[in-house]
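>
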Amino acid sequence: DQQVKQNSPSLSVQEGRISILNCDYTNSMFDYFLWYKKYPAEGPTFLISISSIKDKNEDGRFTVFLNKSAKHLSLHIVPSQPGDSAVYFCAASYTGGGNKLTFGTGTQLKVEL
Amino acid sequence: DGGITQSPKYLFRKEGQNVTLSCEQNLNHDAMYWYRQDPGQGLRLIYYSQIVNDFQKGDIAEGYSVSREKKESFPLTVTSAQKNPTAFYLCASSPQASNQPQHFGDGTRLSIL
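Going line by line, the protein sequences match chains A and S. With this note's numbering applied, the first sequence corresponds to residues 1 to 113, in that order. With this note's numbering applied, the second sequence corresponds to residues 1001 to 1113, in that order.
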C-alpha cells in the first residue's frame, strides 16, 4: 500500500520557468511533510518541510503548499535552474511515529537550457 | 564538518555471505535509520533506532540485522537470508524529537557477485 504517491516519474522544464512537483498521500495521521533532492549515487538532501498546521512554507526559490482536505502537497521551484535537475522525493511522518519517514517514488526533474 | 559517513561506497557480496555496512554520525543525533532504495522506487525503511541499545524493525527488516552500541554508530548487516540484497543502502540520522528532518549519508551500493 503506497501511502505517499508521486504520480509523475519525470518532469521537464525550461530554465527560468516554474517547476511544480506534486505529491499525494492517503494516511490521515501524517502531519509533517518534507521534500528531498537527490543526485545519482548520493544521499538525499533535505530541501524544505511543512507542518500540517500550515498551508504554505517558503524558503528562497522553493515553496511547499499543503492542501489537507485533498491530501495533496506540491513543491514549486521559481525560477528553475539547470542545477535543480535531480530526483525529488516527497516524504511524510506523523507525531508519535518515531520520526519514521514514508517516501514517495520520486520525480526526475530536468531543467533544460 | 558534521555529517554522516557511510562506508564502503561500493561493496560486493558472494552468495551465502553476510556483509556489514558502516554508518557513523557526528551530529550528536539520538535517532538513526537505515533505508534501501531500488531502481524506480522510493526509500524503504529497514531498521531504526531512537536511542542507544534500542532499535526497531522497519517495513522490510527480514534478512537484515543491526546494533546500536554507541550513539555515533549504527551498522547494518545484510545476512545470507536476504534473497535480493542488491540495492543502494542509505543511512540517516535525526534529533529524537518528532517532526525533524533526517540527514542522510551518501550511501553504499551493494552488489552480488
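A virtual CB, placed ideally from N, CA and C, is assigned to each residue, including glycine. None of the values given here were measured: they were computed from a predicted structure.
1) According to DSSP, what are the bridge partners of A:E112?
2) Run through chain S and tell me which residues come within less than 7 angstroms of A:T95, C-beta to C-beta.
3) Restricting to Cα atoms, I'd like to know which of S:N1099, S:Q1096, S:P1095 and S:F1088 is closest to S:Q1006.
4) Would you say A:Y32 reaches chain S, if we count a Cβ-Cβ gap shorter than 8 angstroms as a contact?
5) Which residues in chain S have a C-beta closer than 8 angstroms to the C-beta of A:F62? List them in chain order.
6) S:F1104 versus chain A: which residues are under 9 angstroms apart at the beta carbon?
7) Can you give the Cα-Cα distance for A:S8 and A:N57, rounded to whole angstroms?
8) Checking contacts by CB at 8 angstroms: is S:S1094 closer than that to chain A?
9) Just to make sure I have the definition right: I need the residues of chain S whose C-beta is within less than 7 angstroms of the C-beta of A:G106. Which are they?
10) At the level of alpha carbons, what is the spacing between S:V1078 and S:I1112?
11) Could I get the ranges of all uninterrupted beta strand (DSSP E) runs contained in the segment 10-97 of chain A, with 3 residues as the minimum, in chain order?
12) Please check the pair S:P1039 and A:F46, which I expect to be a contact at CB under 8 angstroms, by giving their CB distance rounded to whole angstroms.
13) Answer with yes or no whether the minimum CB distance from A:S49 to chain S is below 8 angstroms.
14) CB S:L1021 to CB S:L1076, shorter than 8 angstroms?
15) Going by Cα to Cα distance, which pick from A:A86, A:T102, A:S19 and A:D55 is closest to A:P40?
16) Could you check which residue in A:L34, A:G16, A:R17 and A:F62 has the C-alpha nearest to that of A:C23?
17) Using 8 angstroms as the limit for Cβ to Cβ distance, is A:F89 near chain S?
18) Does the distance from the CB of A:M29 to the CB of A:Y88 come in under 8 angstroms?
19) For a contact meaning CB atoms closer than 8 angstroms, what does S:A1031 contact in chain A?
20) Can you give me the C-alpha to C-alpha distance between A:F62 and S:H1029, rounded to a whole angstrom?
21) Can you find at least 3 beta carbon pairs, one from the segment 1103-1112 of chain S and one from the segment 1054-1067 of chain S, that sit closer than 8 angstroms?
22) Can you give the Cα-Cα distance for S:F1055 and A:I50, rounded to whole angstroms?
Reading it off the structure:
1) Within the first sequence, numbered from 1, the residue matching residue 112 of chain A stands at position 112. Per DSSP, A:Q14.
2) The residue you call residue 95 of chain A lines up with position 95 of the first sequence. Going along chain S in sequence order, the residues near A:T95 (Cβ under 7 angstroms) are S1098 and N1099.
3) Counting from 1 along the second sequence, the entry for residue 1006 of chain S is found at position 6. Nearest neighbour of S:Q1006 by Cα position, chosen from S:N1099, S:Q1096, S:P1095 and S:F1088, turns out to be S:F1088.
4) Numbered from its first residue, the first sequence carries residue 32 of chain A at position 32. Answer yes: the Cβ-Cβ gap between A:Y32 and chain S drops below 8 angstroms somewhere.
5) As a working mapping, residue 62 of chain A is identified with position 62 in the first sequence. Residues of chain S passing the Cβ test: none, with the nearest at roughly 14 angstroms.
6) What you label residue 1104 of chain S is simply residue 104 of the second sequence in a count that begins at 1. Ordered by position in chain A, the residues that pass the 9 angstroms Cβ test against S:F1104 are Y36, K38, E42, G43, P44, T45 and F46.
7) Position 8 of the first sequence, counting from 1, holds the residue named residue 8 of chain A. Position 57 of the first sequence, counting from 1, holds the residue named residue 57 of chain A. Between A:S8 and A:N57, the C-alpha separation is close to 22 angstroms.
8) The residue given as residue 1094 of chain S occupies position 94 in the second sequence. Judged by the 8 angstroms Cβ criterion, S:S1094 is in contact with chain A.
9) Here residue 106 of chain A corresponds to residue number 106 of the first sequence, with the count starting at 1. In chain order: G1042.
10) Counting from one through the second sequence, the residue named residue 1078 of chain S turns up at place 78. Counting from one through the second sequence, the residue named residue 1112 of chain S turns up at place 112. Between S:V1078 and S:I1112, the C-alpha separation is close to 12 angstroms.
11) Runs of the beta strand (DSSP E) lying entirely within the segment 10-97 of chain A, each at least 3 residues long, are 10-14, 19-25, 32-38, 45-51, 56-59, 62-67, 72-77 and 86-93 in chain order.
12) Counted from its first residue, the second sequence places residue 1039 of chain S at position 39. Counted from its first residue, the first sequence places residue 46 of chain A at position 46. With a Cβ gap of about 23 angstroms, S:P1039 and A:F46 do not count as contacting.
13) Counted from its first residue, the first sequence places residue 49 of chain A at position 49. Chain S, which has a Cβ nearer than 8 angstroms to the Cβ of A:S49, makes this yes.
14) Your numbering for residue 1021 of chain S matches position 21 in the second sequence. Your numbering for residue 1076 of chain S matches position 76 in the second sequence. Judged by beta-carbon spacing, S:L1076 lies within the 8 angstroms limit of S:L1021, meaning their Cβ atoms are closer than that value.
15) Here residue 40 of chain A corresponds to residue number 40 of the first sequence, with the count starting at 1. Of the listed residues, the one whose Cα sits closest to A:P40 is A:A86.
16) The residue given as residue 23 of chain A occupies position 23 in the first sequence. Ranking the options by Cα distance to A:C23, first place goes to A:L34.
17) The count along the first sequence starts at 1 and reaches residue 89 of chain A at position 89. Closer than 8 angstroms: yes.
18) What you label residue 29 of chain A is simply residue 29 of the first sequence in a count that begins at 1. What you label residue 88 of chain A is simply residue 88 of the first sequence in a count that begins at 1. Going by C-beta atoms, A:M29 is not nearer than 8 angstroms to A:Y88.
19) Walking along the second sequence from the start, residue 1031 of chain S turns up at place 31. Chain A residues near S:A1031: G98 and N99.
20) By 1-based counting over the first sequence, the position of residue 62 of chain A is 62. By 1-based counting over the second sequence, the position of residue 1029 of chain S is 29. Going by the C-alpha atoms only, they are around 26 angstroms apart.
21) no
22) What you label residue 1055 of chain S is simply residue 55 of the second sequence in a count that begins at 1. What you label residue 50 of chain A is simply residue 50 of the first sequence in a count that begins at 1. Cα-Cα distance, rounded: 27 angstroms.
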